[in-house]
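Residue numbers (our numbering): -17 to 203. In this text, a Cβ means the ideal position worked out from N, Cα and C, and glycines have one as well.
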């Protein structure tokens, strides 16, 4: 029997990034870290089986996970998360030395400590152009220094069935033999649907189509 791949969720917010992992039986999210109390509470509602650490990420470490959950660091297969990059958009090669790069430094520290087979690093599309791309090069170089093969791609949530235009840079790092394959696009703009890449794709889902079956809310509810 194949074991579930164990996942840690950093800068977790309410759990949107890890939603797909939580709804796939091949994965088990064992722990999440989120500093904002309301976000952490919402995460617990969305992922009731996950241990949420509502604290500064600087306190998050392998010793704590093993003590609380009896999960050793070598058991962790995947780390996901997206530390905000806007605050250190001007740092470039000083990313690991400047206090403004603290959140990325903590992501890097946790990644180095647990040394998972895979990681997913999500961020805004602006990271592609910050400092003419130099910041992204620095980030990739740092991940590669830990022994990861690194790939990145800009994905739009609307192209995969979400009723929202939401473009995010998805960086994948792997220590597996085979290269990671990004998922194939399933949706597109309606005028492109018949022949994009010679494949029939569904038109983008509209918000009306997504929520029109919900009951109407009366005044005062």
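| Query | Result |
| --- | --- |
| Exposed unless 16 or more other CB atoms sit within 10 angstroms - verdict on residue 198 | exposed |
| Residue 257 - containing alpha helix (DSSP H), residue span | The structure shown does not extend to residue 257, since the chain spans only -17 to 203, so no value can be given for it. |
| Which of helix, strand or coil DSSP assigns to residue 167 | coil |
| Beta-carbon gap between residue 37 and residue 17 smaller than 8 Å | yes |
| Counted within 10 angstroms of its Cβ, other Cβ atoms place residue 189 as buried (16 or more) or exposed | exposed |
| Cutoff 8 Å; reference residue 1; Cβ partners in own chain excluding five residues on either side | 28 |
| CB of residue 186 within 8 Å of CB of residue 142, strictly | no |
| Rounded C-alpha distance that separates residue 26 from residue 161 | 33 Å |
| Helix, strand or coil at residue 87 [DSSP, three-state] | helix |
| Sufficient close CB pairs (3 or more, under 8 Å) joining the stretch 44 to 52 to the stretch 133 to 150 | no |
| Alpha-carbon to alpha-carbon, residue 109 and residue 115 | 7 Å |
| Of the residues 140, 66, 144, the one placed nearest residue 121, counting alpha carbons only | 66 |
| Beta-carbon spacing of residue 94, residue 158 below 8 Å | no |
| Straight-line Cα distance separating residue 59 from residue 153 | 16 Å |
| Integer Cβ distance of residue 4 from residue 35, believed to fall under 8 Å | Contact flag wrong, Cβ pair sits at about 17 Å. |
| C-alpha gap between residue 104 and residue 194, whole angstroms | 30 Å |
| Contact check, residue 42 vs residue 20, beta carbons under 8 Å | no |
| DSSP three-state assignment for residue 133, whether helix, strand or coil | strand |
| Contact test: residue 169 Cβ vs the ligand MG heavy atom, cutoff 7 Å | Inclusion of the ligand MG in the displayed structure is not the case, the ligand content being empty and no account of it being possible. |
| 8 Å Cβ cutoff met for residue 96 and residue 11 | no |
| Cβ-based neighbour list, residue 125, same chain, cut-off 7 Å, excluding 5 preceding and 5 following | 132, 155 |
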